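Let me begin by presenting the structure, written as structure tokens, before commenting on it.
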């Protein structure tokens, strides 16, 4: 049953026109991040509820918050998906039906799921929800994709081990929505097939307890006739399985040409600064390519912008071929980002040219800061005098969530973010 | 009382008669092209020979097709499945649904065992794969004994549980050992990277050694201890678990034969006279401890361990 590959573009007046713009899908660790992700350009966000998701350390949404998120998303034409992608144990079965009904009732578009228990239960009790297969299934061939299509799934998230060529083959052979990761931290193991945490820390990796044991240091030995020979010398960095973070910004045109339906950013645990930065860069890349594919060029400032919030080196991973040692980290597994989130704009007084800002990290007069956001041209400036809410001049904004005011050289808007070089 | 099948993993055809004599009822064989972390490589001719040997003694051969398959292997699955059907193997193991569809296409009568390792964790999903065509579910090793028993109570398929040996903790598609050596600027022979069980990662904080190896399926990291519940079989037999597996990967033939004999004894003893088993189980455990390699401590896996998340 060969399918006709979908046409992705056509030529008009000797100009290539992209037919289908992919969805830009961003993580939402909490309600505030959800709003920022959508305002900064995400077409859809995914979030975790109180149960059945894979980030037990994240804030996670109550049904009430989900409902509020849905209302906000609808107002901005965005969709919400809920991650319910644990591999359940027997004890997780009671309560599942009620939970799925609650999600459906909250108005979300779909769930991201790995375990057939949850797929089947959802079909039965919450049939209006779309069902997307999670990357936890490590889906890596077209025939398995065919299986899940026949099971009635709406979308599959492919294994992170898939190359561009393999994704093309799947697109040619099976007519189903495809979602792939484009940016963020990822498992170095096939997802769902790693239980290092279970063994090392008695935390169940496939139910959200992952303790990231892959990023620890180990020492490689060979045992020979009962003797242990180190395969490293003293000054060598220890063995590790720590992958660089995924970064496919340069591959976005290729991914759009392949007809991938949804481009996904990882990071429900990431900061608001990270979400805003990454989403706005990918928004620009996708829009620029779709507007004029023939003259598209990656702008160096996009690459630089992404580096401002990164706490690890990044690499393209499997989409561009099997990753080697350069796509891994040895010795150090993370670094501080070059910039930090300093504040969020609450209001701007046009007449006086004064911003009201909620502090998110320490700053003081003389600091060089940068404002960015969806509706302004990014700009840098030096902080002048700062006043507190009562209008008293202060020597620094030192309290988290403190409301402060100061002059900006260019007008800013609510929900613009201010970052500071560290 | 139903006697569970005793399932073992020979490393070669020659080992099969010895394991039959030791009391094994069934064998997992295969090749790394389709199966994961096998105790030995079996060519097609050797699979055929294994079937002949096993069937002559009324024993069974299961063939591993439980890989995580990329597109390039999908077409080969058809041919291999056809071959298994022709030589009359007793079941094929799968984790990837591509294998299930392949069986529907070319070998609709092939028995299928669902074996995705880490993700077989609840009874509902075992039954789901049963409805899709699996006859058996091979449970994840990260389950407690209570969870295993509860799964069996609700199961509409046969349930297989690993009761002895090493388990896999991690599989990556990346060549992690080779990458490390390239990073250090050194070369390592492919042969060395695969040398069964001789390479390990040392974890000083836990004082653990994790065997690690590379093959065409990527990099595999194994548990630091061997499961051994020869003295805790009663509840599982009472629950009616259908198959007990001993994984013999990286162990000598002598070790695997002896361990098979001891579990045979333990199962038979419990089924015939639970009282006698109670009196002898410590001695059986002692016998395994006596032959256990020094760098492979025994424990009870996750059967009696609490896991949080």
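Chains as they are written, first to last, in my numbering: chain A, 878 to 1299; chain B, 431 to 739. Positions of the beta carbon are idealized from the N, C-alpha and C atoms, including for glycine. None of these values were measured; they are calculated from a predicted model.
Residue(s) in a DSSP beta bridge with residue i
i	result
residue 1136(A)	Answer is none; residue 1136(A) lacks a bridge partner.
residue 638(B)	633(B)
residue 464(B)	According to DSSP, which records beta bridges pairwise, residue 464(B) is partnered with nothing at all.
residue 886(A)	895(A)
residue 1208(A)	Note: residue 1208(A) sits in no beta bridge, so no partner.
residue 1256(A)	1248(A)
residue 488(B)	Paired residues: none, contrary to the question.
residue 1191(A)	1122(A)
residue 1071(A)	600(B)
residue 1221(A)	1235(A), 1294(A)
residue 1274(A)	1240(A)
residue 923(A)	904(A), 958(A)
residue 436(B)	674(B)
residue 1107(A)	1098(A)
Chain A contact for residue i (CB, 7 Å cutoff)
i	result
residue 652(B)	no
residue 734(B)	no
residue 514(B)	no
residue 727(B)	no
residue 464(B)	no
residue 404(B)	Residue coverage of chain B in this structure runs from 431 to 739, which leaves residue 404(B) outside it and unanswerable.
residue 637(B)	no
residue 604(B)	yes
residue 730(B)	no
residue 628(B)	yes
residue 594(B)	no
residue 499(B)	yes
residue 590(B)	no
residue 586(B)	no
Proximal residues to residue i (C-beta, below 6 Å), its chain only, five neighbours per side dropped
i	result
residue 953(A)	915
residue 445(B)	683
residue 1047(A)	1019, 1022
residue 992(A)	964, 965
residue 499(B)	526, 528
Beta-carbon neighbours of residue i, restricted to chain B and to distances below 9 Å
i	result
residue 999(A)	Chain B residues near residue 999(A): none, gap ~13 Å exceeds 9 Å.
residue 1023(A)	527, 528, 531
residue 965(A)	551, 552, 554, 555
Min CB distance residue i to chain B below 7 Å
i	result
residue 1192(A)	no
residue 1118(A)	yes
residue 1030(A)	no
residue 1131(A)	no
residue 879(A)	Because the pLDDT at residue 879(A) is just 43, under 50, the model does not fix this residue reliably, and the value given afterwards should be weighed accordingly. Residue 879(A) does not count as touching chain B.
residue 1004(A)	no
8 Å contact criterion, which residue i and residue j should meet: CB distance rounded
i	j	result
residue 531(B)	residue 489(B)	That belief does not hold up - the Cβ atoms of residue 531(B) and residue 489(B) are roughly 29 Å apart, past 8 Å.
residue 631(B)	residue 651(B)	7 Å
residue 579(B)	residue 675(B)	In fact, because the Cβ distance is near 17 Å, the residues do not count as touching under 8 Å.
residue 961(A)	residue 990(A)	5 Å
residue 1178(A)	residue 1120(A)	About 26 Å separates the two Cβ atoms, so there is no contact after all.
residue 1072(A)	residue 548(B)	5 Å
Residues near residue i in its chain [Cβ-Cβ closer than 8 Å; skip 5 each side]
i	result
residue 587(B)	544, 556, 557, 559, 560, 564, 565, 566, 567
residue 607(B)	618, 623, 629, 642, 643, 644, 649
residue 1185(A)	1154, 1214, 1215, 1216, 1296
residue 880(A)	Only weak support exists for where residue 880(A) lies, its pLDDT of 47 falling under 50; the value from the coordinates is given anyway. 1049, 1050, 1051, 1052.
residue 967(A)	none
residue 554(B)	584
residue 536(B)	508, 511, 512, 515
Proximal chain A residues relative to residue i, where beta-carbon distance stays under 7 Å
i	result
residue 601(B)	1066, 1067, 1070
residue 633(B)	1095
residue 581(B)	967
Neighbourhood of residue i by C-beta, 7 Å cutoff - its chain only, sequence neighbours within 5 removed
i	result
residue 1182(A)	1154, 1158
residue 1211(A)	1188, 1189
residue 573(B)	551, 732
residue 447(B)	483
Within chain A, the residues that residue i reaches when beta carbons sit closer than 9 Å
i	result
residue 492(B)	Those do not exist, as residue 492(B) stays about 21 Å from chain A at its closest Cβ, beyond 9 Å.
residue 577(B)	966, 967, 968
Contacts that residue i makes with chain B (C-beta to C-beta distance below 7 Å)
i	result
residue 1179(A)	Near residue 1179(A) there are no residues of chain B at all, since even the closest Cβ is about 28 Å away, more than 7 Å.
residue 1207(A)	613
residue 1201(A)	609, 612
Neighbour list for residue i in chain B, Cβ cutoff strictly below 8 Å
i	result
residue 1076(A)	599, 653, 654
residue 994(A)	552, 554, 555, 558
8 Å Cβ cut-off: residues of chain A touching residue i
i	result
residue 738(B)	1079, 1080, 1081, 1086
residue 496(B)	Neighbours of residue 496(B) on chain A: none; closest Cβ ~11 Å, over 8 Å.
8 Å Cβ cut-off: residues of chain E touching residue i
i	result
residue 1113(A)	The chain inventory of the structure shown lacks chain E, comprising the protein chains A and B.
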